[in-house]
Ligand SMILES: [Zn+2]
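In structure tokens form, the structure reads like this:
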């Protein structure tokens, strides 16, 4: 032993054991038994522990996202609303705002009940915004509402994950922890998307969901535009001897409009002599599909709670008006964050597709209603 | 000297220890081969040092990744594209998004043909995701 280092001293004893074949055998046996014991009894414990650690770091990130989005809301409200008091406590308590859906035990008339509750909800939102931001310009209210909604969404996600995390930790129940850990990748994707949406809403950038409104806007550009219902506009013009009526929400605030009421009014205005309704909307793509891909089908292309869908289907059925649907595909993240170039390009293609449908499926003298569905934030 | 932030220090430590571990493990292999003795003293020392450095390196890189994941990712840049009303004029301009911009907003006169300029598109630039 010429090379004497500290490490050699430490390891000398180990080497002595290795030199004896019987002790070597015993050593190996002991190690084997320890491993077998660990694998047999601590396997699940170890797994649970690892999952909990993973959930904890996601929870931390969620907390950061939720509190940052709250900060952004408060900053924006102070900036545009200029309240002479601190709005943070009211915002804090409003983050727990909830909507109770009507019971479906007796489904008769449920759509109207739902609609009523949604109306109350949007009224409540608007009055809350006006209360905490008294000097906000009228056209900025919908943006603040959208901003508030993303903050509420993030807050909800955070509380949900925290609930399962604490439940799992307390009960040590593998089922809870597994459920949480398995769902986390999706939950975190939604959370990041919501957070990016906060940025879009705070500066009024167009979002992917607005692609339907963009198509309508491209069609009605340069034409005379009138308001038809609250927050909804339409434009009426001639195209190849057909009368086109284009409907969309009123921009450039974050409005989705009252599309169903607008369609009903237009159809009643013409006594049901509408020969086609073409609806354009953004739709969720399946993984692997290309963003901005356009698909054609029939039916009412409108998302949300289904209240508006019900009303449009009813009036279309009453007058036997064929419904065309044009959807532009994108992921959830792309739908609620700032538009991607693919989506902008898809809007141009969609305009061509709509005109093509009009050319091929309607004849001269027809009245065609074209509806651009979606949040028109950042789009006139 | 460049000021080092906490996560850069962690990254540097992780790289340093991984290099050290590679060196030690390499030495361990060389020593085994040169003496043809499996219970070689130097070799086991080097092996132990190498494994230790590897564990340290993994630990620091784990800390580094956690710190990164807790940081808010930088927002991507939004671009506003401006076009001229005149169909014959192909004037095009791109600039960064400013608050108050919206699609089909009129933004002054065209420097080429004096037509009306309007915002034609607003979209996110696809930045390489910094994840
Ligand atoms: Zn020009």
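Protein chains in written order, with my numbering: chain A, 1237 to 1616; chain B, 2 to 132. Where a beta carbon is used, it is the ideal one built from N, C-alpha and C, also for glycine. Keep in mind that this is a model prediction, so the values were computed, not measured.
Boundaries for residue 1361 of chain A: no beta strand (DSSP E) harbours it, while the alpha helix (DSSP H) harbouring it runs 1346-1368, taken from the DSSP string. Segment contact: the segment 1491-1506 of chain A against the segment 7-20 of chain B, fewer than three CB-CB distances shorter than 8 Å; contact not assigned. The beta carbons of residue 1594 of chain A and residue 1475 of chain A sit closer together than 8 Å. Following the DSSP letters along the chain, one finds residue 1279 of chain A in no beta strand (DSSP E) but inside the alpha helix (DSSP H) bounded by residues 1279-1317. Chain B places no beta carbon closer than 8 Å to that of residue 1505 of chain A, leaving this residue out of the contacts. Taking 8 Å as the CB threshold, residue 95 of chain B stays off the interface with chain A. Excluding residues up to 5 positions away in sequence, 1561 lie with their Cβ nearer than 6 Å to the Cβ of residue 1533 of chain A in the same chain. For residue 1310 of chain A, no CB of chain B lies under 8 Å from its own CB, so it is not counted at the interface with that chain.
When C-beta distances to chain B are compared with 7 Å, the residues of the segment 1467-1489 of chain A below that value are 1487 and 1488, in chain order.
If you ignore the 5 residues before and after residue 1436 of chain A, its C-beta comes within less than 7 Å of the C-beta of 1443, 1573 and 1574, all in its own chain and listed in chain order. Taking 7 Å as the cut-off, the C-beta of residue 1611 of chain A does not count as close to any heavy atom of ligand 1. With contacts defined as CB atoms closer than 8 Å, residue 1470 of chain A and residue 1459 of chain A fail to qualify as a contacting pair. Inter-residue distance for residue 1411 of chain A and residue 1354 of chain A is about 36 Å (C-alpha atoms, whole angstroms).
In the DSSP annotation of this structure, the continuous segment of the alpha helix (DSSP H) that includes residue 1395 of chain A starts and ends at 1377-1407. Not one beta carbon of chain B lies nearer than 8 Å to the beta carbon of residue 1425 of chain A. Between residue 1514 of chain A and residue 1590 of chain A, the CB-CB gap stays under 8 Å.
In this structure, ligand 1 has no non-hydrogen atom nearer than 7 Å to the beta-carbon of residue 93 of chain B.
Residues of the segment 1572-1588 of chain A with a Cβ closer than 8 Å to any Cβ of chain B, in chain order: 1573, 1574, 1575, 1576, 1577, 1579 and 1580.
Residues of the segment 91-122 of chain B with a Cβ closer than 7 Å to any Cβ of chain A, in chain order: 98, 100, 103, 104, 105, 106 and 122. Counting of Cβ neighbours within 10 angstroms places residue 54 of chain B among the buried residues, the total reaching 16 or more. Neighbourhood of residue 1378 of chain A in chain B, by CB distance below 7 Å: empty, with the nearest CB roughly 13 Å away. Look at residue 116 of chain B: its beta carbon is less than 7 Å from one of the heavy atoms in ligand 1.
With fewer than 16 other beta carbons inside 10 angstroms of its own, residue 1278 of chain A counts as exposed. Selection A:1371, A:1493 and A:1401 evaluated against residue 1289 of chain A yields A:1401 as nearest (Cα-Cα). Note that the C-beta distance between residue 1387 of chain A and residue 1318 of chain A is not below 8 Å.
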